[in-house]
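These notes concern the structure reproduced below.
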Amino acid sequence: MITTVATKPIAGQKPGTSGLRKKTPVFMGRHYLENFTQAIFDVVGAAGKTFVLGGDGRYFNDRAAQVILRMAAANGAARVIVGQGAILSTPAASHLIRLNKTDGGIIMSASHNPGGPEEDFGVKFNMPNGGPAPESVTEAMFQRTTELTEYRIVEAQDVDLNTVGRQTLGGMIVDVVDPVSDYAALMETLFDFPALRALFAGGFRMRMDAMCAVTGPYAVEILENRLGAAKGTVTHETPLPDFGGMHPDPNPTWAHELMAEMMGDNAPDFGAASDGDGDRNMVVGRGIYVSPSDSLAVLAANAHLAPGYARGLAGVARSMPTSAAADRVADALGIAKFETPTGWKFFGNLLDAGKVTLCGEESFGTGSDHVREKDGLWAVLLWLNILAVRKQSVAQILSEHWAKYGRNYYSRHDFEAIATDKADAMITALRATLADLPGQVVEGMTITAADDFAYTDPVDGSVSARQGVRIIFADSSRIVMRLSGTGTEGATLRVYLERYAAGPDGLDLDPQEALAPVIRAAHGLARLTEFTGCTAPDVVT
Ligand code: G6P
Ligand code: ZN
């Protein structure tokens, strides 16, 4: 039953920040998925192993699952645990890998990128710890794609992925599992569900926008069925192959329906949204947006109010472009703090080593040591738990937080679909100026340091260089620039802007106003318009 198919290397199968992402037609092209899947199995070994498989339900998810299953069987895997309908949110997949002590898992998703026949698809491998494969592994997979001559696949009928239960494919066991139940059970161990039920029973109103993506079934089960939030609290709750045409990225630009409701009359007490594969979150209070960097800081300062974190935190980690708000909390708590490159995979070693409990990124990712991915719904539940205990509004919690720690005004400006050569030229030119920047005064602010961030992993000693240019000013203001590693079209330039206000005055400005001099400095120092032709960002978060 096993067929060995001759193939040739396909150029460009290099995983980025989070797995291999391409336009769907590219992934559906001849041998494309098969080659990459074979490279995965060749690198990690499949014989006798158990894997988890699932995806965010986007277009081609179901077909890709059948191909990956047949290839797992042909490569000798013993067992694959698949979410019903080939559906698993990324955090739920991470949990299943850990819960079942499997040899890893394959997640089919392009995360927050749109889905559909002409949009994006992706595949990534997660390790036995439940976390994304580190660079050494993804690099080996890429190398393998450049030398492949064949792949192995079983000829068979489709596995019935719609029915929970055990089947076999070739000699391999396929266990189709409910995608939600184990994840929901994990959440019950971390949060005070009775207190949350009481919160909703007391009239607390919430809106959760699942953006027609994978979080819908998880949010309906946990928020509405188990916690008693009003029916209809979760909107866009049915995962659709094209996400209903929505761009499933929870930020103020793409989750504009939620933003409009939360800023409008009669807004609910609390709003949240999540992305295509359920690992991102955006949190909004009535009339107030919570920046992801502030969210991480508030969660770090208050996590002990939830049962799963009552013993306190070992430490907090944030990606380098994320604001330093969480650092101030870590210092006040006297716990360790870490600054990593962009990409959740860099948190894995810190979590495994018990050095940190909470992690977060400016890109709407927050998580803890309960899994090895960021986790959108987890962040929402932690916020709810904090709101239930403190009995205050989101706005009150934020203003008390800023009064205590000061406020790290923060914004990210994205310039999308720039010609790659232009973006590269700009970054190269900027890098060349870095050594001369310290001491210069720009927009009235003195530059104290400028470098290209390099990270030495404190656990395994691996070094990741050139992770983003950063320019730091004497007043703690900061500019970071890097090119996105998750885009599929041209280059996306990300400009991260930060300015610290110690208070007590000046804590209530519009972030764009507070950051205006930093924004001007960024454009000037990088000669942004000159190199790229862009004048205004496409997305502001
Ligand atoms: C994914 C990763 C995150 C990362 C984000 C932005 O969501 O899991 O860790 O922060 O992409 O990456 P990018 O390279 O596009 O800035
Ligand atoms: Zn995601």
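Here UniProt numbering is used: position 286 in the sequence shown is 286, and no number is missing along the way. All residues carry an ideal CB built from backbone N, CA and C; glycine is no exception. Only a predicted model underlies this, so the values are computations on that prediction, with no experimental measurement involved.
If we ignore side chains and look at the alpha-carbon of each, how far apart do residue i and residue j end up?
i, j, result
"Ala326", "Ser136", "29 angstroms"
"Gly524", "Ala11", "37 angstroms"
"Val176", "Gly83", "6 angstroms"
"residue 542", "Thr340", "Residue 542 is absent from the structure shown; the chain starts at 1 and stops at 541."
"Ala395", "Asp160", "48 angstroms"
"Thr541", "Asp103", "37 angstroms"
"Pro91", "Glu188", "15 angstroms"
"Lys231", "Glu224", "6 angstroms"
"Met172", "Ala501", "59 angstroms"
"Asp269", "Phe346", "34 angstroms"
"Ile97", "Tyr405", "38 angstroms"
"Ser399", "Lys49", "51 angstroms"
"Gly54", "Ile87", "5 angstroms"
"Asn61", "Glu221", "22 angstroms"
"Gly203", "Leu507", "31 angstroms"
"Ala140", "Thr37", "13 angstroms"
"Lys8", "Arg226", "51 angstroms"
"Pro15", "Phe415", "22 angstroms"
"Gly85", "Ile40", "23 angstroms"
"Gly19", "Ala110", "8 angstroms"
"Trp378", "Tyr218", "11 angstroms"
"Pro132", "Leu296", "21 angstroms"
"Gly276", "Ala93", "14 angstroms"
With distances taken Cα to Cα, identify the nearest neighbour of residue i among the options.
i, options, result
"Asp510", "Ala465, Ala184 and Tyr410", "Tyr410"
"Ala78", "Ile418, Trp402 and Gln167", "Gln167"
"Met263", "Val284, Gly85 and Gln396", "Val284"
"Ile106", "Gly334, Arg328, Tyr455 and Pro128", "Pro128"
"Pro134", "Val463, Glu513, Leu507 and Leu148", "Val463"
"Gly286", "Ala502, Asp460, Glu34 and Asp265", "Strictly speaking, residue 286 in this sequence is Arg, with Gly absent from that position. Closest option to Arg286, Cα to Cα, is Asp265."
"His247", "Thr138, Val214, Gly165 and Gln143", "Val214"
"Leu382", "Leu305, Thr342 and Ile397", "Leu305"
"Ala301", "Leu313, His236, Arg98 and Ala474", "Leu313"
"Gly165", "Asp178, Ser476 and Phe191", "Asp178"
"Ile2", "Phe142, Ser18 and Gly170", "Gly170"
"Arg311", "Leu333, Ile288, Leu507 and Gln512", "Leu333"
"Ile427", "Ile447, Val389, Ala474 and Val480", "Val480"
"Asp475", "Gly487, Ala449, Glu489 and Pro194", "Ala449"
"Ala195", "Gly245, Lys101 and Asn385", "Asn385"
"Ala417", "Ile397, Gly485, Tyr455 and Glu373", "Gly485"
"Gly76", "Phe51, Arg63, Asn100 and Ala93", "Phe51"
"Lys22", "Lys124, Asp42, Lys101 and Arg63", "Lys124"
"Glu373", "Asn126, Ala185 and Met282", "Asn126"
"Val380", "Cys212, Gly365, Lys391 and Gln392", "Gly365"
"Tyr309", "Gly367, Arg318, Glu261 and Val518", "Gly367"
"Asp505", "Arg63, Ala403 and Leu430", "Ala403"
Within its chain, find whatever has a CB closer than 6 angstroms to the CB of residue i; leave out the 5 residues flanking it on each side and keep chain order.
i, result
"Thr322", "Ser293, Glu361 and Glu362"
"Ala521", "Val442 and Glu443"
"Arg478", "Ile472 and Glu498"
"Asp369", "Leu351 and Thr357"
"His413", "Val495, Pro537 and Val540"
"Gly158", "Checking the sequence, you will find Asp at residue 158 rather than Gly. The residues are Gln66."
"Arg328", "Tyr405"
"His31", "Thr7"
"Leu199", "Ala388"
"Thr17", "Gly343, Gly485 and Thr486"
For residue i, collect the residues of the same chain with a Cβ closer than 8 angstroms to its Cβ; drop the 5 residues on either side in sequence, then sort them by chain order.
i, result
"Tyr59", "Thr24, Gly115, Gly116, Pro117, Glu119, Phe121, Pro241 and Asp242"
"Ala336", "Ala314, Gly315, Val316, Ala330, Lys355 and Val356"
What whole-angstrom Cβ distance do residue i and residue j have, given they're in contact under 8 angstroms?
i, j, result
"Val298", "His401", "5 angstroms"
"Glu257", "Asp209", "6 angstroms"
"Ala65", "Met108", "7 angstroms"
"Ala255", "Ala273", "4 angstroms"
"Tyr183", "His95", "6 angstroms"
"Glu150", "Val44", "That belief does not hold up - the Cβ atoms of Glu150 and Val44 are roughly 18 angstroms apart, past 8 angstroms."
"Ala206", "Thr238", "A quick correction: the sequence has Met, not Ala, at residue 206. With a Cβ gap of about 19 angstroms, Met206 and Thr238 do not count as contacting."
"Gly278", "Gly376", "5 angstroms"
"Val174", "Arg70", "Actually they do not touch by this definition, with Cβ atoms about 10 angstroms apart."
For residue i, which residues from the same chain have a beta carbon less than 7 angstroms from its beta carbon, with the 5 sequence-adjacent residues on both sides left out?
i, result
"Asp457", "Asn349"
"Ala423", "Leu483, Ala491, Leu493 and Thr532"
"Thr535", "Thr529"
"Ser181", "none"
"Asp249", "His112 and Asp275"
"Thr433", "none"
For the ligand ADP, is there a heavy atom less than 7 angstroms away from the beta-carbon of residue i?
i, result
"Arg166", "With respect to the ligand ADP, the structure offers nothing, as its ligand set consists of the ligand G6P and the ligand ZN."
Discussion item. For a minimum of 3 consecutive residues, which ranges assigned as the beta strand (DSSP E) are wholly contained in the region 120 to 192?
Written reply: Fully contained in the region 120 to 192 are the following beta strand (DSSP E) runs of length 3 or more, in chain order: 120 to 126, 150 to 154, 165 to 169 and 172 to 177.
Worksheet item: Which runs of the beta strand (DSSP E), 3 residues or longer, sit entirely within the region 353 to 417?
Response: Every unbroken stretch of the beta strand (DSSP E) spanning 3 or more residues and falling wholly within the region 353 to 417 is given here in chain order: 358 to 361 and 365 to 368.
Worksheet item: What are the complete alpha helix (DSSP H) segments, minimum 4 residues, inside the region 7 to 86?
Response: Entirely contained in the region 7 to 86, the alpha helix (DSSP H) runs reaching 4 residues are, in chain order, 24 to 27, 32 to 44 and 61 to 74.
Practice prompt. Could you tell me which uninterrupted alpha helix (DSSP H) segments, each at least 4 residues in length, are contained entirely in the region 198 to 234, listed from first to last along the chain?
Written response: Whole alpha helix (DSSP H) segments, 4+ residues: 215 to 219.
Discussion item. Extract the residue ranges of the beta strand (DSSP E) inside the region 250 to 322, only unbroken runs of 3 or more that lie entirely within it.
Written reply: Listed in chain order, the complete beta strand (DSSP E) runs (minimum 3 residues) inside the region 250 to 322 are 270 to 274, 281 to 285, 288 to 290 and 315 to 319.
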